[in-house]
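Here's the structure, in structure tokens; my notes come after.
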Amino acid sequence: MPRTFPCPRCGEPTTWENNEFRPFCSDRCKLIDLGAWASEDYKLPTEDAPQAEDS
2 MPRTFPCPRC GEPTTWENNE FRPFCSDRCK LIDLGAWASE DYKLPTEDAP
52 QAEDS
């Protein structure tokens, strides 16, 4: 029996092996996630670089 893990988008159980949408459970979850990246819903926290002072 193949091991399952939760889909990163919806949480439904899915498999890695023989899954063309991995790590997602379906094409729908894969496209929703791609859309979130494209609309910049996912962001990494950053700090602004210190500004150089003009001499």
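Taking my numbering, I'd label the letters of the sequence shown as residues 2 to 56. Idealized CB from N, CA, C, for every residue including glycine.
A Cβ-Cβ separation of about 16 Å leaves PRO7 out of contact with GLU18 under the 8 Å criterion.
Annotation for PHE6: the continuous beta strand (DSSP E) segment containing it runs 5-7. When the five nearest sequence neighbours on each side are left out, the beta carbons in the same chain lying within less than 6 Å of the beta carbon of GLU13 are those of CYS26, in order along the chain.
As the crow flies, the alpha-carbon of TYR43 is around 7 Å from that of ALA37. Straight across, the Cα-Cα distance linking ALA50 with THR15 is about 41 Å.
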